[in-house]
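Novice: Throughout the sequence shown, residue numbering follows mature numbering (1 follows the signal peptide of the UniProt record, and there is no 0), covering -29 to -1, 1 to 363 in sequence.
Cβ atoms here follow ideal geometry from the backbone N, Cα and C, with glycine treated the same way.
Structure in structure tokens, see below.
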Amino acid sequence: MEFSNIQFLLSVLLFLSAVFVQNFAAVHSIGVNYGTLGNNLPPPAQVAQFLKDKTTIDRIKIFDVNPDILRAFAGTGIFVAVTVPNGEIPNLVNLRYARRWVVNNIKPFYPQTKINYILVGNEVLHWGPQNLIDNLVSAMRTLHKALIRSGIQGVNVTTAHSLGILESSQPPSLAKFRPGWDTGDLAPMLQFLQETKSPFMVNPYPYFGYSPEQANFALFKPNSGLRDKYTKQTYTNMFDLLIDAVHISMKKLGYGDVDIAVGETGWASAGETFEPKCTIPNAASYNGGLVKKYNEGTGTPLLPRRKFETYIFALFNENLKPGSLAEKNFGLFQPDFTPVYDIGIMRGTAGVPDQPVPDARPISSNAHSISSNASCYKATNTGQQKMVRAEG
């Protein structure tokens, strides 16, 4: 073979290798929620360039359809999940309205901007009111139909749920959705997600179920673990336990084959004097442990070797967020792009080191359940902060 031909083949192989490496890296990247409640945040174009050039983050989730953000992320290769405001849900039941919404909010940007999900509202079942809940699945189906009729087939429709949808979560084997929501709302929704191959998106927050006695279990630190006596599975962190509780609840409705995605999870790095759990070491431990777990693809005890698409809350500390100091300090970065702490997402940085895991202890069916805690969010100051934060 002539030297020029060998040179050509080598060039092709190098190109293909680069493409493979790029795609492989994308598969192993984690997402982040990009909120904008701050008066000192950088413009979207700078944010897009920073994420593309300086971090391994390859997907963002926003709480609206902000055109400036959608334009800024065009051509970056970063996936963007957008959110329909909760108040729009009843309107989207009408196909003509849904098609107009797609024409105005998706078509001008897609596919140059890699919009991968449209979330129809956020934590709708948790916050209500009832007319939004009653129209949610119909709105999701109609919006999906509007996308298809507009020639857009690469965008999935879903919605995100708080873990208030669970009646209980501990032990995972006994978990189930709350009566009323289970067959009335979640079963038809899961059927739609199964039909369209879209994920069931949940917002698991060990942060909200934190107790000093289970600090290490919540923070991905070494601990004795918890054993589910019914499945004989051992849990070494709260995140796995919550994901398996969701999976079991889905399975009990006959939809255990629907993928699970994590729409939000995170930890505040600073807080008021009455929020001692909100520290940089705790936030770094939780989010760093989450990134390490995601990159390794270990899955959960019931769903081993599984990667759950995950969006950390949040990209920036946001100084205009209502609520306590903690609400303003969920960010991975300061507004000047300085990392608040290192969790191994900057290009060229090392990951989080391994930690030993002691022996497990059994999970009691009377153990503290984060889903029970979640049901109290509305009635507490923390709950009001959660609602504001979750809606962007």
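Have a look at the DSSP bridge pairing and note the partners of Ala232.
Specialist: Answer is Met172.
Novice: Is DSSP giving Asn62 helix, strand or coil here?
Specialist: Residue state, collapsed to three classes: helix.
Novice: Taking the straight line between their C-alpha atoms, what separation do you get for residue 452 and Asn65?
Specialist: This structure cannot speak to residue 452, because the chain is shown only from -29 to 363.
Novice: Would DSSP call Gln124 helix, strand or coil?
Specialist: Of the three classes helix, strand and coil, the one that applies to Gln124 here is coil, per DSSP.
Novice: Can you tell me which of Leu157, Cys249 and Glu138 puts its alpha carbon nearest to the alpha carbon of Ile104?
Specialist: For the residues Leu157, Cys249 and Glu138, the minimum Cα distance to Ile104 belongs to Leu157.
Novice: Counting only the same chain and skipping the five closest in sequence on each side, list residues whose C-beta sits under 8 Å from that of Thr130.
Specialist: Answer for Thr130: Leu90, Val91, Gly92, Asn93, Val95, Leu107, Met111, Met160 and Met172, listed in chain order.
Novice: Using alpha carbons as the reference points, say which of Trp72, Ala285, Ala241 and Ser139 lies closest to Pro56.
Specialist: When each option's Cα is compared against that of Pro56, the closest is Trp72.
Novice: Exposed or buried, which one is Asn187 when buried takes at least 16 other CB atoms within 10 Å?
Specialist: Answer is buried; the Cβ neighbour count reaches 16.
Novice: Go ahead and pull the three-state DSSP assignment for Asn4.
Specialist: Asn4 falls in the strand class under three-state DSSP.
Novice: Under a Cβ-count criterion, where at least 16 other Cβ atoms within 10 Å of its own Cβ denotes burial, should Leu(-16) be classed as buried or exposed?
Specialist: Low local confidence applies: a pLDDT of 45 at Leu(-16) is under 50, so the model's placement there is unreliable, with the coordinate-based value given in what follows. So Leu(-16) ends up on the exposed side.
Novice: By the three-class DSSP mapping on this structure, what secondary structure does residue 410 have?
Specialist: A query on residue 410 cannot be resolved here, the shown segment of the chain reaching from -29 to 363 and no further.
Novice: Have a look at the DSSP bridge pairing and note the partners of Leu303.
Specialist: In the DSSP output, where bridge partners are listed per residue, Leu303 has none listed.
Novice: In chain order, what residues of the same chain lie with their CB nearer than 6 Å to the CB of Asp230, ignoring the 5 residues before and after it?
Specialist: The answer, listed in chain order, is Pro170.
Novice: Let's test the definition: count the other Cβ atoms within 10 Å of the Cβ of Lys223 and tell me whether it reaches 16, buried, or not, exposed.
Specialist: Lys223 should be labelled exposed.
Novice: Anyone know if the C-beta pair for Tyr201 and Ser144 falls short of 7 Å?
Specialist: Yes. Within cutoff.
Novice: Nearest by alpha-carbon distance to Asn10: which of Leu212, Tyr312 and Asn288 is it?
Specialist: Among Leu212, Tyr312 and Asn288, the Cα nearest to that of Asn10 is on Asn288.
Novice: In chain order, which continuous runs of the alpha helix (DSSP H) of length 4 or greater are located wholly inside the stretch 25 to 54?
Specialist: List check, alpha helix (DSSP H) in window: 38 to 43.
Novice: Indicate whether Pro15 and Ile40 have their beta-carbon atoms separated by less than 7 Å.
Specialist: A contact, by the Cβ cut-off of 7 Å.
Novice: Are the beta-carbon atoms belonging to residue 370 and Asn4 less than 7 Å from one another?
Specialist: As displayed, the chain neither begins before -29 nor continues past 363, which places residue 370 out of reach and without an answer.
Novice: Whose C-beta lies closer than 8 Å to the C-beta of Ser316 among residues of the same chain, with five residues either side of it excluded?
Specialist: The residue asked about is misnamed: residue 316 is Ile in this sequence, not Ser. Hits under 8 Å: Ile1, Thr26, Thr27, Ile28, Val262 and Leu303.
Novice: With distances taken between CB atoms, is the gap from Glu280 to Ala239 smaller than 7 Å?
Specialist: Cβ atoms of Glu280 and Ala239: not closer than 7 Å.
Novice: Quick one: measure Cβ to Cβ for Arg149 and Leu137, integer angstroms, because I've assumed they're closer than 8 Å.
Specialist: Sure, about 7 Å apart at Cβ, within 8 Å.
Novice: Which residue from Asp24, Pro38, His115 and Gln101 puts its Cα closest to that of Arg67?
Specialist: Taking only the C-alpha atoms, the option nearest Arg67 is His115.
Novice: Pull the bridge partners of Ile283 from the DSSP assignment, please.
Specialist: Val3 and Thr236, per the DSSP bridge assignment.
Novice: When burial is assigned at 16 or more other CB atoms within 10 Å of the CB, is Phe50 buried or exposed?
Specialist: Buried: at least 16 other Cβ atoms inside 10 Å.
Novice: Buried or exposed for Asn102, going by 16 or more other Cβ atoms inside 10 Å?
Specialist: Exposed, by the Cβ-count rule.
Novice: Start and end of the beta strand (DSSP E) containing Ile89?
Specialist: Counting along the chain, the beta strand (DSSP E) containing Ile89 begins and ends at Lys85 to Asn93.
Novice: Using only alpha-carbon positions, find the residue among Gln17, His218 and Thr244 that is nearest to Arg277.
Specialist: For the residues Gln17, His218 and Thr244, the minimum Cα distance to Arg277 belongs to His218.
Novice: Let me know if Asp211 comes out buried or exposed under the rule of 16 or more other beta-carbons within 10 Å of its beta-carbon.
Specialist: Under this definition Asp211 is a buried residue.
Novice: Express the C-alpha separation of Lys85 and Asn174 in angstroms, rounding to a whole number.
Specialist: Those two C-alpha atoms are separated by around 23 Å.
Novice: Around the C-beta of Leu291, are 16 or more other C-beta atoms found within 10 angstroms, so that it is buried, or is it exposed?
Specialist: Exposed is the call here.
Novice: Whole angstroms is fine: what's the gap from Glu243's alpha carbon to Asn127's?
Specialist: Going by the C-alpha atoms only, they are around 39 Å apart.
Novice: Should residue 366 go down as buried or exposed, given a rule of 16 or more other Cβ atoms within 10 Å for buried?
Specialist: The shown model of the chain, from -29 to 363, leaves out residue 366, and the question about it has no answer.
Novice: Note down the Cα distance separating Pro293 from Leu8, rounded to an integer number of angstroms.
Specialist: Rounded to whole angstroms, Pro293 to Leu8 spans 9 Å at the Cα level.
Novice: Take Phe301 as the anchor and find which of Gly46, Gln162 and Tyr178 has the nearest alpha-carbon.
Specialist: When each option's Cα is compared against that of Phe301, the closest is Tyr178.
Novice: Give me, in chain order, the residues of the same chain whose beta-carbon lies closer than 6 Å to that of Thr271; leave out the 5 immediate sequence neighbours on both sides.
Specialist: Excluding residues within five positions, the ones whose Cβ falls inside 6 Å are Asp211, Ile214 and Asp215.
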